[in-house]
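Student: Using my numbering, you'd call the opening residue of the sequence shown number 74 and step up by one each time. Glycine included, every Cβ here is placed at the ideal spot set by N, Cα and C.
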Amino acid sequence: MPTFGAKAIPDSNRPASTWLIADIGGTHARFARLSAGDLQETIVLETQSCENAIELLHTALAHLGIGSPSAVLLAVAGPLTPTGITMTKTGLSFVPDTLAAALGVEVHVVNDFYALAHGVGRFSQLVNLGEQAPEAGGVCGVIGPGSGLGMASVVSGDRGLVVLGGEGGHAALAPGTHLEAELWALLSSQVEHVCWETVLCGPGLVTLYNAVCQVWGGAPRYERAEDISAQAVGVADPVCHQTLETFCALLGQAAKGLALTVGATGGIYIAGGIAPRVVDFVAASPFRRRFEEAGAMRGYLQIVPTYVVCDANPGLIGAAQCLAQRATID
């Protein structure tokens, strides 16, 4: 996926070693100071706490004590266009030319999962949902349910990793069981396009729970994804438990499609804010079984490893690497 940077006139008084990077999702915006290639102080802001992107960046710079960074890289949840990114969930617009003019620095705007995927090979807290080993130099896939559902793929090139972004979360959902077909039928009467992100994200987990309640003939008791997950993990509520099991099965189905599409023999990495919090549940769920169920391609998928990324702030780890490919950090 191409990226677009806007350059401002360099300021000779600006400290060349101070950079601002951000991982901006639909709910939270994580910012960090990058100095000499190392992540320094980080802060978390509510994405919708500010009226526009410029106000959000000024707030972050103030909190981090950065007067004039040498450059800014923003990894934003939304599809990249030649003019920048307008967030799918919030409507906030990040236009490099406008931001560069306001801040007086070079600004790069990239898709959040495009940036996160640059962290493959640098994540250190990985939970392997099996015993498979990656093929050396193989293509990797990255998928992650959070406020939305992101996807990207990573290819090893002569000059390092090459990341290919995309909007696979908006591809049509493919049910794999009779229950999922029944849930799909309910959802299709409620939304115009039933895609993976309809159910595989925080708001989607609530949507899925409500649909499971309809199938069971009961009234929903919970309105927040955190509550549904907590009740499911503790097996306190059978509807919540089946909802999260179905969520994991569908995540396995979506990850399988990504692996087959890009030939991810190097492994599938599951990031985002949901899977790491319930990693033990995911490991015991139908996720891996559904990932391998592919008819004639079962043998192909059985040797592909699937990892849950449990590092703190993996989006910032990837954003730092993404920036490192664009500029020399003193």
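Can you name the residues that DSSP bridges to ILE116?
Tutor: Numbered from 1 along the sequence shown, position 43 holds the residue referred to as residue 116. PHE104.
Student: Count the other CB atoms, across all protein chains shown, that sit within 10 Å of the CB of THR91; report buried if there are 16 or more and exposed otherwise.
Tutor: Taking the first residue of the sequence shown as position 1, residue 91 is located at position 18. Looking at its Cβ environment, which holds 16 or more other Cβ atoms inside 10 Å, THR91 is buried.
Student: Measuring alpha carbon to alpha carbon, tell me which of ALA344, ALA209, VAL228 ends up nearest VAL236.
Tutor: In the sequence shown, the residue the question calls residue 236 occupies position 163. Of ALA344, ALA209, VAL228, the residue nearest in Cα terms is VAL228.
Student: Between the C-alpha atoms of GLY210 and PRO218, what's the straight-line distance to the nearest angstrom?
Tutor: The residue labelled residue 210 in the question sits at position 137 within the sequence shown. The residue labelled residue 218 in the question sits at position 145 within the sequence shown. Rounded to the nearest angstrom, the two C-alpha atoms are 26 Å apart.
Student: Please return the same chain residues whose Cβ sits closer than 7 Å to the Cβ of GLN394, not counting the five positions on each side in sequence.
Tutor: Counted from its first residue, the sequence shown places residue 394 at position 321. Excluding residues within five positions, the ones whose Cβ falls inside 7 Å are HIS191, GLY192, ARG195.
Student: Grab me the residues of THR338's own chain with a C-beta within less than 8 Å of its C-beta, minus the 5 sequence neighbours each way, in chain order.
Tutor: Here residue 338 is taken as the residue at index 265 of the sequence shown, counted from 1. Result list for THR338: PRO207, GLU208, GLY211, VAL212, ILE376, VAL377, in chain order.
Student: Which residue wins for smallest C-alpha separation from ALA344, given the options LEU317, GLY277, VAL200, VAL178?
Tutor: By one-based count along the sequence shown, residue 344 stands at place 271. Measuring from the Cα of ALA344, the nearest candidate turns out to be VAL200.
Student: Kindly list the residues whose CB is nearer than 6 Å to the CB of GLN287, restricted to its own chain and excluding five residues on each side of it in sequence; keep chain order.
Tutor: As a first step, residue 287 must be located in the sequence shown, where it is residue number 214. Closer than 6 Å at the Cβ level, and outside the excluded window around GLN287, lie LEU259.
Student: Using 10 angstroms around the beta-carbon of GLY99, count the other beta-carbons present and answer buried if the total reaches 16, otherwise exposed.
Tutor: Numbered from its first residue, the sequence shown carries residue 99 at position 26. It counts as buried.
Student: Does DSSP put SER166 in a helix, in a strand, or in coil?
Tutor: For this step, residue 166 is matched to residue 93 along the sequence shown. SER166 falls in the strand class under three-state DSSP.
Student: Name the two residues that bound the continuous beta strand (DSSP E) containing GLY51.
Tutor: An answer regarding residue 51 cannot be provided, because it is not within the stretch 74 to 403 covered by the chain.
Student: Among the residues of its own chain, which have a CB less than 8 Å from the CB of PRO387, if the five just before and after it don't count?
Tutor: The count along the sequence shown starts at 1 and reaches residue 387 at position 314. The residues are LEU189, GLY192, PHE196, ALA344.
Student: Are the Cβ atoms of VAL183 and ALA148 separated by less than 8 Å?
Tutor: Here residue 183 refers to the residue found at position 110 of the sequence shown. Here residue 148 refers to the residue found at position 75 of the sequence shown. Cβ atoms of VAL183 and ALA148: closer than 8 Å.
Student: Given that a residue counts as buried once 16 or more other Cβ atoms are within 10 Å of its Cβ, and exposed if not, what is HIS266?
Tutor: If you number the sequence shown from 1, residue 266 lands on position 193. Under this definition HIS266 is an exposed residue.
Student: Any idea if TRP289 is buried or exposed, counting beta-carbon neighbours within 10 angstroms, 16 or more meaning buried?
Tutor: As a working note, residue 289 is residue 216 in the sequence shown. TRP289 is exposed by the Cβ-count criterion.
Student: With C-beta atoms as the reference, is ALA245 less than 8 Å away from CYS268?
Tutor: Numbered from 1 along the sequence shown, position 172 holds the residue referred to as residue 245. Numbered from 1 along the sequence shown, position 195 holds the residue referred to as residue 268. Result yes, Cβ atoms of ALA245 and CYS268 sit closer than 8 Å.
Student: Cα-Cα, which of LEU134, PHE186, GLN205, VAL215 is closest to ALA175?
Tutor: Counted from its first residue, the sequence shown places residue 175 at position 102. The residue with the shortest Cα to Cα distance from ALA175 is LEU134.
Student: Leaving out five residues before and five after ASN86 in sequence, what residues of the same chain have Cβ atoms less than 6 Å from its Cβ?
Tutor: Looking up residue 86 in the sequence shown gives position 13. In this prediction, ASN86 has a pLDDT of 43, which is less than 50 and means its spatial position is unreliable; what the coordinates show is noted afterwards. If we look at ASN86 and ignore the five residues flanking it on each side, it has no Cβ neighbours.
Student: Using 10 angstroms around the beta-carbon of SER262, count the other beta-carbons present and answer buried if the total reaches 16, otherwise exposed.
Tutor: For the purposes of this step, residue 262 is taken as residue 189 along the sequence shown, with counting starting at 1. Under this definition SER262 is an exposed residue.
Student: Decide if GLN198 is buried, meaning its Cβ has at least 16 other Cβ atoms within 10 Å, or exposed.
Tutor: Taking the first residue of the sequence shown as position 1, residue 198 is located at position 125. GLN198 should be labelled exposed.
Student: With a Cβ-Cβ cutoff of 8 Å, do VAL352 and VAL306 count as a contact?
Tutor: Residue numbering aside, residue 352 sits at position 279 when the sequence shown is read from its first letter. Residue numbering aside, residue 306 sits at position 233 when the sequence shown is read from its first letter. Against a cut-off of 8 Å, the Cβ pair of VAL306 and VAL352 comes out as no contact.
Student: How would you call VAL180, buried or exposed, if buried means at least 16 neighbouring beta carbons within 10 angstroms?
Tutor: Translated into positions along the sequence shown, residue 180 becomes position 107. Burial call: buried.
Student: Below 8 Å CB to CB, which residues in the same chain sit around GLU366 once its five sequence neighbours on both sides are set aside?
Tutor: The residue given as residue 366 occupies position 293 in the sequence shown. Here the set comprises GLY249, LYS329.
Student: Hey, is the segment 298-315 in contact with the segment 268-283, meaning 3+ C-beta pairs nearer than 8 Å?
Tutor: Segments in contact, yes.
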